[in-house]
Amino acid sequence: MILHDFLPSGNGYKIRLLLTLLGKSFDLVEHDITKGETRTPEFLSRINANGKIPALEFDHGRVLVESNAILIHLAEGTPYLPTDVWERTEVMQWLFFEQYDHEPTIAVLRSWVGIKGMPEHADIFVPMKRAGAKKALDLMEKRLSGHNWLVGDALTIADISLYAYTHVAEEGDIDLSIYPGILAWLDRIAALPGYVPITWKP
């Protein structure tokens, strides 16, 4: 397998983390999104017509894109995706929440602060993003203040997906110290056998 990725990306890190937890070997091909390397004709025609990473290229030639779709595919038949229908659906709920409420606020703030720089009219957009980030983290804290994991009693791809940008939220000037449940959850994931940090590459 070949993972097309940008190392600072939380969306790419989700895949790297799950692959290592599963003990699967893969090659990493890096594309610098800040230099337009996912917008080249070759990338758009061969890897992802939407011009985004991550993209997971399989040995048979097929390419799967969208980080949470990749997580679902890789987790099929493993403990990271429950077989119980209700718990499986709860995992999906968190994955949709991650892409709709969490990533567009926390990941965007991190990108503005540490990667791409502030946008025009930051005085308007930043407070809006911070309010959205707080709402997302408050919801996670409500669950994690009384439970070890987001779904059921074990780690799932819901945790992996939401961990990716939550654990680097402070790079977007988001204070996590007010969320003890989230902090304890972050520590549990970082202590997993096979855990790798976002900067790791094979």
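FYI, in this note's numbering the residues of the sequence shown are 141 to 342.
Glycine included, each C-beta is placed from N, C-alpha and C at the ideal position.
Classification of residue i by the beta-carbon crowding that lies within 10 angstroms, buried from 16 upward
i, result
"GLU310", "exposed"
"VAL248", "buried"
"VAL225", "exposed"
"TRP325", "buried"
"GLU243", "buried"
"ARG156", "buried"
"GLY254", "exposed"
"LEU302", "buried"
"PHE146", "buried"
"GLU182", "exposed"
"ILE264", "exposed"
"GLY286", "exposed"
"ALA189", "exposed"
"PRO342", "exposed"
"HIS261", "exposed"
"HIS200", "exposed"
"LYS256", "exposed"
"LYS175", "exposed"
"LYS282", "exposed"
Close beta carbons around residue i, own chain, < 7 Å, minus the five adjacent residues each side
i, result
"LEU213", "Checking the sequence, you will find His at residue 213 rather than Leu. Excluding sequence neighbours, HIS213 sits near LEU204."
"LEU162", "LEU214, THR218"
"HIS144", "VAL169, HIS171, ILE187, ILE193, PRO194, ALA195, GLU197"
"ALA298", "VAL231, TRP234, LEU235, LEU290, VAL291"
"LEU316", "ALA309, GLU310, ILE322, LEU323"
"THR160", "GLY334, VAL336"
Residue i and residue j closer than 8 Å at C-beta
i, j, result
"LEU279", "TYR319", "no"
"LEU158", "ILE300", "yes"
"THR296", "ALA273", "no"
"TYR335", "GLY150", "no"
"GLY191", "ARG202", "no"
Cβ-based neighbour list, residue i, same chain, cut-off 8 Å, excluding 5 preceding and 5 following
i, result
"VAL266", "LEU249, TRP252, MET258"
"GLY152", "LEU143, ASP145, PHE146, ILE193, PRO194, SER207"
"LEU221", "ILE212, ALA215, ARG228, VAL231, THR296, ILE297"
"THR339", "LEU147"
"ASP313", "LEU249, VAL253"
Beta-bridge partners of residue i, as assigned by DSSP
i, result
"ILE155", "Paired residues: none, contrary to the question."
"VAL169", "HIS144"
Cutoff 6 Å; reference residue i; Cβ partners in own chain excluding five residues on either side
i, result
"ASP241", "ALA276"
"GLU238", "SER301, LEU302"
"HIS307", "LEU326"
"PHE166", "MET141, LEU143, LEU159"
At which residue ranges does the stretch 180-217 contain complete beta strand (DSSP E) runs of 3 or more residues, listed in the order of the chain? DSSP runs (the beta strand (DSSP E)) wholly in the stretch 180-217: 195-197, 203-205.
Can you list, in chain order, the stretches of the alpha helix (DSSP H) that have 4 or more residues and sit fully within the stretch 230-313? 248-251, 262-284, 297-306
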